[in-house]
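The sequence shown begins at 0 in numbering that gives the first Met the number 0 and counts up one residue at a time.
The beta-carbon is built from N, C-alpha and C at its ideal position, and this holds for glycine as well.
Here the structure is laid out as structure tokens; the discussion comes afterwards.
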Amino acid sequence: MGSISDLPAMKTNPKFIFFTDFDGTITLQDSNDYMTDNIGYGQQKRRQGNIDTLHGKITFRNSFKEMMDSVSKPYPECIQYLVDNIKLDPGFAEFFNWSLENNIPVVVLSSGMEPIIKALLAALVGPNSTKMQVIGNDVGPRPGKTIDQEGGWQIVFHDESDFGHDKSLTLRPYAQLPAEVRPTMFYAGDGVSDISAAKETDLLFAKRGHDLVSYCVKDDIPFTLFEDWTTILAKTKEIVEGKTTVKAAALAGSEAYKSSLHSHSL
Ligand SMILES: [Mg+2]
């Protein structure tokens, strides 16, 4: 920890790094919700779990484990089911190609499981997707079983936190690099698990109509709304090309949101 050589995204000495959530941010649907609702214990129980988490009755980690435990299909079948059903945000592929051309590493930080995310990225983005670093939770066999068997797999969490994967822990070593090498850090997300990440980065994109927006408003965290990745690409380009600064963009984003609320209330 603490040295540049431990940070894979620093290998090419980038001036910018784009960190992003996966489910519901790069994809249109949340793959874990999708799996739980359709081949697990169903939407009703899942939503109750979400509400209990919001009210602090259960940790995100435990609620998420219950969701995953309700899915008993062999793991390879789960992956195939998601590959067949989950769709990519319409602007992401173009954004990703641009990031590759401009030495802007894209690092995926997720509460989902890495094997599922990598399979979805390979199917949706193509072979270049291996150039994205993916940091999430993992999967492992249940005692006496293999993950290829019915009821054979379980989620293996990234760390000991109540989130299962505390994204701020992964971001902090980058945020704490000496000023002369520290890249500008972007982050895009949509949900509760993104709030800890938001505080470690320089410019936050929050998806319109999702929980992260309400959290940012409540905690007074500056953010820029996005509908899809075409907005993110346009804003990020302006900053990379020096047409605006992250500080100005963050301020403008928050002001734009406030004035849009105002105009709606008129
Ligand atoms: Mg998400």
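Residue 111 and residue 164 have their alpha carbons spaced roughly 9 angstroms apart. By the criterion of a C-beta distance shorter than 7 angstroms, residue 128 is surrounded in its chain by 120 and 121, once the five residues flanking it on both sides are discounted.
Between residue 190 and residue 211, the gap from beta carbon to beta carbon is short of 8 angstroms.
Assigned with DSSP and collapsed to three states, residue 255 falls in helix. Between the beta-carbon of residue 200 and that of residue 102 there is about 18 angstroms, and that puts the pair past the 8 angstroms contact cut. With fewer than 16 neighbouring CB atoms inside 10 Å of its own CB, residue 41 falls in the exposed class. A contact is defined here as three or more CB-CB pairs under 8 angstroms, and the stretch 67-86 meets this definition with respect to the stretch 16-32. Where residue 129 is concerned, there is no enclosing alpha helix (DSSP H), because DSSP gives it neither an H nor an E. The alpha helix (DSSP H) runs of length 4 or more contained entirely in the stretch 85-133 are, from start to end of the chain, 91-100 and 113-124. Of the candidates 14, 158, 185 and 44, 185 places its Cα closest to the Cα of residue 232. The stretch 240-258 makes contact with the stretch 213-229, as at least three CB pairs between them are under 8 angstroms. In the structure shown, residue 40 adopts coil according to DSSP, grouped into three states.
In this structure, the beta-carbon distance from residue 59 to residue 228 does not fall below 8 angstroms. By the 16-neighbour rule on beta-carbons within 10 angstroms, residue 6 is buried. Non-local C-beta neighbours of residue 155 in its own chain, meaning closer than 7 angstroms and more than five positions away in sequence, comprise 136, 137, 138 and 139, ordered along the chain. For residue 203, the three-state secondary structure derived from DSSP is strand. Residues of the same chain with their beta carbon placed closer than 8 angstroms to that of residue 4 are lacking, with the five preceding and five following residues left out of the count. For residue 155, the enclosing beta strand (DSSP E) covers residues 152-155.
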